[in-house]
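> Residue numbers (my numbering): 121 to 293.
Quick one: structure below, then a few questions.
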């Protein structure tokens, strides 16, 4: 191709091609944003309802309420009392051994807590379900229900708060 042909024919066409590509990119981006926004809006209501169902067996003490929150790849929320404890929870997918893990997959937080950072660690069966506990040196109590993919964490400063937290958490299974 000689330079005259390029400048005479292809250069004028290139501005139309660039313009069309820009329009297609803008349309594709808008479409993607609209689809993602729709999915997010559907997920807000479904996630809260699903979280209520998943912790529905848990018995809350007077003054506590369940506050579902929006997670990215897992179900999250709090059991809270304005004058009391804030129990955080996260429910993730339990992957079978050998299957690939995703970002929202369950990880046993008490089991992963380093022994030298724990005051104590224990595993019990409660209501026919395995439960793992770690009470850390920094006053955080970590509890997991590995079969259900649920982790809970709460800052407890004394025995009364420990009893209050466990009296709700252990009603879960």
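We treat Cβ as the ideally placed atom computed from N, Cα and C, and that holds for glycine.
Bear in mind that the values here come from a model prediction, so they are computed numbers and not experimental data.
#1: Looking at C-alpha atoms only, which residue of 225, 193, 189, 276 is the closest neighbour of residue 255?
#2: Just to confirm, are residue 192 and residue 210 a CB contact at a threshold of 7 angstroms?
#3: Across which residues does DSSP place residue 242 in a beta bridge pair?
#4: What whole-angstrom Cβ distance do residue 284 and residue 181 have, given they're in contact under 8 angstroms?
#5: Assuming residue 213 and residue 237 are in contact, meaning their beta carbons sit under 8 angstroms apart, how far apart are those beta carbons, in whole angstroms?
#6: Of all the options 252, 247, 267, 293, which has the alpha carbon lying nearest to the alpha carbon of residue 261?
#7: Please report how far the alpha carbon of residue 293 lies from the alpha carbon of residue 267, in whole angstroms.
#8: From 208, 204, 185, pick the residue whose C-alpha is nearest to that of residue 194; which is it?
#9: From the DSSP output, in three-state form, read off residue 267 for me.
#10: Considering only the alpha carbon of each residue, which of 177, 231, 189, 235 lies closest to residue 263?
#11: When the Cα atoms are used, what is the spatial distance from residue 247 to residue 217?
#12: Tell me the rounded alpha-carbon separation between residue 224 and residue 271.
#13: Whole beta strand (DSSP E) runs in the region 178–239 with 3 or more residues, listed along the chain?
#14: For residue 249, collect the residues of the same chain with a Cβ closer than 8 angstroms to its Cβ; drop the 5 residues on either side in sequence, then sort them by chain order.
According to the structure shown:
#1: Its Cα nearest to that of residue 255, the residue 276 stands out among 225, 193, 189, 276.
#2: Contact annotation: residue 192 and residue 210 have beta-carbon atoms that are not nearer than 7 angstroms.
#3: Answer is 253.
#4: Sure, about 7 angstroms apart at Cβ, within 8 angstroms.
#5: 26 angstroms between Cβ atoms; not a contact.
#6: The option with the nearest alpha carbon to residue 261 is 252.
#7: Approximately 10 angstroms, taken between the alpha carbons.
#8: Closest option to residue 194, Cα to Cα, is 208.
#9: Residue 267 falls in the coil class under three-state DSSP.
#10: Closest by alpha carbon: 231.
#11: Between residue 247 and residue 217, the C-alpha separation is close to 24 angstroms.
#12: If I take the Cα positions, the gap works out to 12 angstroms.
#13: Counting only unbroken stretches of 3 or more residues, the beta strand (DSSP E) elements lying wholly within the region 178–239 are 185–189, 195–200, 206–211, in sequence order.
#14: Excluding residues within five positions, the ones whose Cβ falls inside 8 angstroms are 265, 267, 268, 293.
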